[in-house]
Amino acid sequence: MALTTASSASAGGLDLSGQPMLPLFEKGTYAELSVVSITPDVSGTDVSGQSTGKISEGFFTYKGALKTDATERLSLALLWDQPFHGQSYYGAGLFSGLDANLDSQALTLAARYKFNDRYSIHGGPRFQRMKADAAFPLFGYSLDTSTETDLGYVVGAAYEIPEYHALVALTYHSSITHSLEATESGIKSGPFDIEWPESYTLDFRAPVSQSTLVFGSVRHTKWDGYDISPPIFSADGASILALEDDTTTYKLGVAQKFNDNWSGLVRFTYEAASDDDQVIFSPTNGARGIGLGASYQHNKLRITAMAEYFDLKGTTGAVGEFEGGNAIAVGMQIGYHF
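Below, the structure written as structure tokens:
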């Protein structure tokens, strides 16, 4: 019932989609498409005392799903998302011209087996593709990587009470390692590995009355040890990005049904600040968010729209002083039961 939007605050601004699995639990044959516009507003003062200007531009992210029932007990789904994303551009100050981009897409082939009306297990292979590029004019350095696709998996279990629309689902996403060919400052420097972290996501929904539903999720992502270290850049032990703390993101919402067609929803998001060093690509740490949305249901069609505001906690460190910032996410989801 709730549209998934995203904060650019998580783990250096990288954790984007939350790797959703809920379309697998829709009834019958179902298709879904989502688009979210994310606009961060973060600026600060660099270590030389100059203003950085706005360091990130807005971007769009997309998700899609197609689910069907093969038998009374077995369901199959194709889930597409953009799980991780990084984007920074410094237009002023000491780091003027610094430009970094990281993009990924993933396709999950998921199956769900129901032991009975309440207990089920789910899982399947997950194919993920990524590419990265960066430019550091201050250091005369640039990076361009190959595009690589690698394999991981998901596995989980769920308990539901269909007559009450209640559900608790726990899903594990394995880590995925990409071996990327690097070109650094025009020199082919060879392969290096980026290992995307494993994660655990607990999704839940429970009715509190015939017209009110509580929903949410808890997502724990094991970022400890995450590292981007191309061969030339890391020759003296440096890393473009290194993280040491895991993150846990909490989402809690309430949906209220007004009539047979219209529902409204509100959702709160919280992610505590980590102990990681300041990250030049996204120098914020921790976030709080609130979102408001509405859902329209007509026969087999459901349209949900939502806007979320995130307050991003600032940091002070080797990059400079950032008092904080915000991000606004506006999204729409169209779902259809065939």
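When we follow the numbering used here, the leftmost residue of the sequence shown carries the number 238, and every step to the right adds one. Ideal placement from N, C-alpha and C gives every residue a C-beta, glycine not left out.
For R456, the enclosing beta strand (DSSP E) has its first and last residue at 449-458.
Residue environment for W499: exposed (fewer than 16 other C-beta atoms within 10 angstroms of its C-beta).
DSSP places E400 within a helical segment (H, G or I) once states are collapsed to three. Judged by their CB atoms, G526 and T506 are nearer to each other than the 9 angstroms cut-off. Runs of beta strand (DSSP E) with 3 or more residues, each lying fully within the segment 401-426, are found at 403-410, 413-421, listed in chain order. Under the DSSP definition of a beta bridge, Y299 partners with V272. Runs of the beta strand (DSSP E) lying entirely within the segment 365-391, each at least 3 residues long, are 378-382 in chain order.
In the DSSP annotation of this structure, the continuous segment of the beta strand (DSSP E) that includes Q324 starts and ends at 322-326.
For Q256, there is no enclosing beta strand (DSSP E), since its DSSP letter is neither H nor E. Beta-bridge partners assigned by DSSP to N563: D278, D548. Excluding sequence positions up to five before and after I413, its CB lies within less than 6 angstroms of the CB of Q365, D387, G389, W433, all in the same chain and listed in chain order. In this structure, DSSP gives F262 a helical state, which the three-state scheme calls helix. Residue pairing by DSSP places D430 opposite S416 in a beta bridge. Per the DSSP secondary-structure output, I469 pairs with nothing in a beta bridge.
In the DSSP assignment, I527 falls within the beta strand (DSSP E) that extends over 521-535.
Within the model, the alpha-carbon separation for G557 versus G330 is close to 11 angstroms. For the options Y487, T485, F470, the alpha carbon positioned closest to that of A479 is the one of F470. In the three-state reduction of the DSSP assignment, A395 falls in the strand class, which pools E and B. When DSSP reads this structure, L331 sits in no beta bridge, so it has no partner.
Here T484 is not near D440, since their CB atoms are 9 angstroms or more apart. With three or more CB-CB distances shorter than 8 angstroms, the segment 343-355 counts as touching the segment 310-321. Across the structure, S341 and Q256 are spaced so that their CA atoms are roughly 12 angstroms apart.
Scanning its chain for C-beta atoms nearer than 6 angstroms, with the 5 sequence neighbours on each side dropped, one finds around A307 the residues L313, in chain order.
With contacts defined as CB atoms closer than 9 angstroms, G393 and G423 fail to qualify as a contacting pair.
In terms of Cα proximity to F376, the closest of T541, M367, D336 is D336. Of all C-beta pairs linking the segment 290-310 to the segment 525-542, fewer than three are shorter than 8 angstroms, placing the two stretches out of contact. Around the beta-carbon of K425, fewer than 16 other beta-carbon atoms lie within 10 Å, marking it exposed. Per the coordinates, the alpha-carbon of E294 lies some 12 angstroms from the alpha-carbon of N563.
By the Cβ-count criterion, I275 is buried, with 16 or more other Cβ atoms from all chains shown falling within 10 Å of its own Cβ.
Leaving aside the five residues that flank A443 on each side, the residues in its chain whose CB is nearer than 6 angstroms to its CB run, in chain order, A403, V451. Under the three-state reduction of DSSP output, F495 falls in the coil class, being neither helix nor strand. Between F296 and L251, the C-beta gap is not smaller than 9 angstroms, which leaves the two residues out of contact.
Rounded to the nearest whole angstrom, the CA to CA distance from T289 to G328 is 7 angstroms.
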